[in-house]
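Student:
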Amino acid sequence: MAVPVTVVDDSKISRKMVIRALPPSWKVDITQAENGEEALAAYRAGKAEVMFLDLTMPVMDGYEVLAQLKKEALNTFVVVISADIQPEAQERVKQLGAMAFIKKPIKTEHIEAVLKEYGLV
Amino acid sequence: MNIAPYNKDQTDALQEVANIAMGQAGDSLARIMGHFVELSVPRIRLVTLKDLVNTVTDMVGVKEDVVAVRQAFYNQLRGEAIVVIKQSGADELAKLMDYDDVVDGEAEEELLLEVANLLVGAIINGISDTLETELGFSAPSLMTACAPLERVLTPD
Chain H
103 MAVPVTVVDD
113 SKISRKMVIR
123 ALPPSWKVDI
133 TQAENGEEAL
143 AAYRAGKAEV
153 MFLDLTMPVM
163 DGYEVLAQLK
173 KEALNTFVVV
183 ISADIQPEAQ
193 ERVKQLGAMA
203 FIKKPIKTEH
213 IEAVLKEYGL
223 V
Chain X
9 MNIAPYNKDQ
19 TDALQEVANI
29 AMGQAGDSLA
39 RIMGHFVELS
49 VPRIRLVTLK
59 DLVNTVTDMV
69 GVKEDVVAVR
79 QAFYNQLRGE
89 AIVVIKQSGA
99 DELAKLMDYD
109 DVVDGEAEEE
119 LLLEVANLLV
129 GAIINGISDT
139 LETELGFSAP
149 SLMTACAPLE
159 RVLTPD
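These protein sequence lines are chains H and X, in that order.
Counting in the numbering used here, the first sequence runs without a single skipped number right up to 223 at its last residue.
Counting in the numbering used here, the second sequence runs without a single skipped number right up to 164 at its last residue.
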């Protein structure tokens with residue numbers, strides 16, 4: 103069965119790059135979200151077993167999404183994909199419950215390595 | 009002169025390239041200063057040379073005197089990068105990096121050139137990474153040590 107995956111980024115090209123970088127063998131059902139609120143809505147609709155999450159976004163940013171997921175004890179596998187690659191940013195998202203941090207520009211091998219590490223592919 | 013405006017997707021793509029590049033620049037800056045750097049969402053404007061001064065002055069929104077450093081980049085993409093730092097910001101930067109004892113002009117100039125070089129280098133590398141190309145860049149040079157931004161951008 104296809105895994106419900108939500109890709110969250112305010113930039114359309116960035117969402118496209120993430121989707122294109124997913125391993126072709128991975129059977130997924132993709133939902134796109136432009137901000138944190140849309141991401142949480144997608145999660146509540148059962149569309150986000152795995153979530154690729156940008157940090158800097160209007161309306162509701164990635165940190166707030168992580169905080170909300172944590173607060174409600176929601177269970178999804180979050181991979182943060184960010185251009186802000188400062189060690190402190192990476193540390194903060196891990197503390198908020200993100201499973202992995204991938205730097206932009208996104209590369210297939212980086213996504214694949216994370217998915218393999220956690221036995222998702 | 010008329011310039012066709014970018015469509016939504018083109019603006020989005022340019023903004024994302026700038027975002028990735030600035031992310032790397034912010035990381036480099038944070039590492040040398042030992043402080044977290046807040047990054048805003050980048051803004052893209054397409055302007056004629058005639059409107060450049062007003063647009064940039066407006067976007068940067070700095071009224072006080074600035075220090076400006078320029079650096080050229082070349083290969084598949086060619087252009088000029090200008091790093092603008094407020095005079096007070098430059099002094100603060102010097103302090104943060106333990107240049108506070110003797111802030112003589114020469115030492116501060118050297119520091120600013122180094123910081124500009126680091127920022128431009130990170131930005132250019134960020135752009136080359138995203139576009140999967142190689143860009144070269146020249147050594148930085150000081151455009152002005154202390155002047156209003158309009159003057160920096162106005163050709164003599």
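We put the beta carbon where it would ideally sit given N, CA and C, even for glycine.
So, with DSSP's three-state summary, where would you put Lys114(H)?
Tutor: In the structure shown, Lys114(H) sits in a helix (DSSP, three-state: H, G or I).
Student: Using C-beta distances below 8 Å, list every residue in its chain close to Met30(X), excluding the 5 sequence neighbours before and after it, in chain order.
Tutor: So the list reads Leu47, Pro50, Ile131, Gly134, once near-sequence residues are dropped.
Student: Let me see if you follow: with CB-CB separation under 7 Å, is Glu88(X) close to chain H or not?
Tutor: It does not: the Cβ of Glu88(X) has no partner Cβ on chain H nearer than 7 Å.
Student: What is the C-beta distance between Ile52(X) and Ala80(X), in whole angstroms, given that I count them as a contact (C-beta under 8 Å)?
Tutor: At roughly 21 Å, the Cβ-Cβ gap does not stay under 8 Å, so Ile52(X) and Ala80(X) are not in contact.
Student: Compute the distance between the beta-carbons of Val182(H) and Phe203(H), then report whether it is under 7 Å.
Tutor: Contact: yes.
Student: Is the CB of Glu24(X) under 7 Å away from at least one CB in chain H?
Tutor: Closer than 7 Å: yes.
Student: Cα-Cα, which of Met119(H), Lys209(H), Gln197(H) is closest to Tyr165(H)?
Tutor: Among Met119(H), Lys209(H), Gln197(H), the Cα nearest to that of Tyr165(H) belongs to Gln197(H).
Student: Quick one: what's got a C-beta closer than 8 Å to Val5(X)'s C-beta in the same chain, skipping five residues either side?
Tutor: Lying outside 9 to 164, the shown extent of chain X, residue 5(X) is not represented and no answer is given.
Student: Which ranges would you report for the alpha helix (DSSP H) in the region 155 to 210 of chain H if only whole runs of at least 4 residues count?
Tutor: Complete alpha helix (DSSP H) runs here, min 4: 164 to 173, 189 to 197.
Student: According to the neighbour-count rule (16 or more other Cβ atoms, all chains shown, within 10 Å of its Cβ), is Thr178(H) buried or exposed?
Tutor: By the 10 Å Cβ count, Thr178(H) comes out buried.
Student: Ser184(H) to Ser136(X), Cα distance in whole Å?
Tutor: Between Ser184(H) and Ser136(X), the C-alpha separation is close to 17 Å.
Student: From the beta carbon of Glu139(H), is the nearest beta carbon of chain X less than 7 Å away?
Tutor: No, Glu139(H) lies away from the interface with chain X (no Cβ there is under 7 Å from its Cβ).
Student: Using the DSSP secondary-structure output, state which residues sit across from Gly42(X) in a beta bridge.
Tutor: Paired residues: none, contrary to the question.
Student: Could you have a look at Val160(X) and say whether DSSP puts it in helix, strand or coil?
Tutor: Three-state result, Val160(X): helix.
Student: Please list the segments of the beta strand (DSSP E) lying wholly inside the region 85 to 133 of chain X, counting only runs of 3 or more residues, in order along the chain.
Tutor: Here the runs fully enclosed are 87 to 94.
Student: Under a three-way DSSP split, which group does Asp59(X) fall into?
Tutor: Three-state result, Asp59(X): helix.
Student: Among all the DSSP beta bridges, which residues are the ones paired with Met153(H)?
Tutor: BP columns for Met153(H) point to Thr108(H), Val180(H).
Student: Looking only at DSSP bridge pairs, what is Ile132(H) linked to?
Tutor: Partner(s): Val107(H).
Student: Any beta carbon from chain H within less than 7 Å of Asn15(X)'s own beta carbon?
Tutor: So, not an interface residue.
Student: For the beta strand (DSSP E) holding Asp76(X), just list the boundary residues, first then last.
Tutor: A small correction: the amino acid at residue 76(X) is Ala; Asp does not occupy that position in the sequence shown. Counting along the chain, the beta strand (DSSP E) containing Ala76(X) begins and ends at 74 to 83.
Student: Taking its Cβ as the centre, do 16 or more other Cβ atoms sit within 10 Å of Ala124(X), making it buried, or is it exposed?
Tutor: By the 10 Å Cβ count, Ala124(X) comes out buried.
Student: Applying the criterion that 16 or more other CB atoms from any shown protein chain within 10 Å of the CB defines a buried residue, is Arg117(H) buried or exposed?
Tutor: So Arg117(H) counts as buried.
Student: Using a Cβ-Cβ distance under 7 Å, would Ala80(X) count as near chain H?
Tutor: So no, Ala80(X) is outside the interface.
Student: Could you name the residues that DSSP lists as bridge partners for Thr19(X)?
Tutor: For Thr19(X), which the question treats as bridged, DSSP gives no partner whatsoever.
Student: Pull up the distance between the alpha-carbon of Glu211(H) and that of Ile28(X), whole angstroms please.
Tutor: Rounded to whole angstroms, Glu211(H) to Ile28(X) spans 18 Å at the Cα level.
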